[in-house]
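See below for the structure under consideration.
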Amino acid sequence: MALDVAWAQTWVRRTAEVIAENRDELIELDRQIGDGDHGENMKRGFTAVVAKLDGLEAPPEQVGDVLKLVATTLMSTVGGAAGPLYGTAYLRAAKVAGLAELDGPAVVAVLEAALEGIVARGKATTGEKTMVDAWTPAVNAAQEASGNGSSPAAVLDVAAAAAEAGATATIPMLATKGRASYLGERSIGHQDPGATSTALILRAAADTAAA
Ligand code: ADP
Ligand code: MG
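So that you can map any letter, position 207 of the sequence shown is 207 in the numbering used here, and since no number is skipped, the others follow by simple counting.
Laid out in structure tokens, this is it:
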């Protein structure tokens, strides 16, 4: 489907479903290197997002309107490290998505803005075992695909695949940011929960675009 406002809303609803489906896995990952709240935090946040979408009196006109609703809702409901990080990501993404429909370069701009927001907020770089390790390869893959003239849906598909590979690649990393860094060497050998939720979010975007 075209990456229009209907797509954005379906993406967000699909995200809420996959986060709920993977709640227990995200909790287990966060239990291994954190405090075990990531799955419940994210489920609570996206459940609240869907309730807000359901309660809208006027339909959103631009993709950015949907992303802004996600941002403000996540900031007020998710808590922990992930709430402000994802909140900032969606807020920055919303600012470049004041459009009725995203083309390939606009998808890239949205992903770039999200990553910039996360880095501005959390000050992590790649290799520190955070969600940045999923977002960065996703942005790089999207830039390359868009540069080759890929369709917006194809840009999202390669971004999701790169985020999934990026999440897996956090397993051998030593955590040097966030709660997992308190574990030092014991953080090695576990997949980062935030990188995992990022991969789920981007896969939901790609699946919705491909439908
Ligand atoms: P908390 O650690 O406060 O319990 P969550 O469990 O909801 O928060 O989220 C943890 C995730 O947040 C981590 O798996 C990691 O991906 C991400 N994270 C933590 N600190 C940072 C940071 N400084 N920059 C980017 N991502 C971070
Ligand atoms: Mg946690």
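Quick reminder that beta carbons are idealized off the backbone N, C-alpha and C, glycines included. Treat the numbers as computed from the prediction; the structure is a model and nothing was measured.
For Met173 versus Lys129, is the C-beta distance shorter than 8 Å?
yes
Buried or exposed, going by whether 16 or more other CB atoms sit within 10 Å of the CB of Val182?
Going by the sequence as given, residue 182 is Tyr instead of Val. Tyr182 is exposed by the Cβ-count criterion.
Provide the residue(s) that pair with Glu101 in DSSP beta bridges, ordered along the chain.
Asp4
Option nearest Gln143 by Cα separation, candidates Arg121, Lys177 and Val108
Val108
Counting only the same chain and skipping the five closest in sequence on each side, list residues whose C-beta sits under 6 Å from that of Thr73.
Ala48, Val49 and Lys52
Give the straight-line distance between the Cα atoms of Ala204 and Ala165, rounded to the nearest whole angstrom.
15 Å
Can we say the stretch 187-201 touches the stretch 18-25, given the rule of at least three CB pairs closer than 8 Å?
yes
Collapsed DSSP secondary structure at Lys68 in the structure displayed:
helix
Given a cut-off of 8 Å on the beta-carbon distance, is the pair Pro105 and Ser146 in contact?
yes
What three-state label does DSSP hand Ile188 in the structure shown?
coil
The ligand MG heavy atoms versus the CB of Gly64: any closer than 7 Å?
no
Nearest by alpha-carbon distance to Ile27: which of Ala71, Met75, Asp192 and Ala153 is it?
Asp192
Given the structure, does Arg179 come close to the ligand MG, in the sense that its CB is under 7 Å from one of the ligand's heavy atoms?
yes
Beta carbon of Gly122: closer than 7 Å to some heavy atom of the ligand COA?
Ligands displayed in this structure: the ligand ADP and the ligand MG; the ligand COA is not among them.
Measuring CB atoms only, is the stretch 108-121 touching the stretch 9-17, in the sense that at least three cross pairs come out at less than 8 Å?
no
Could you name the residues of the same chain whose beta carbon sits closer than 7 Å to that of Gly79, not counting the 5 residues immediately before and after it, in chain order?
Asn41
Cβ-Cβ distance between Gly45 and Arg179 below 8 Å
no
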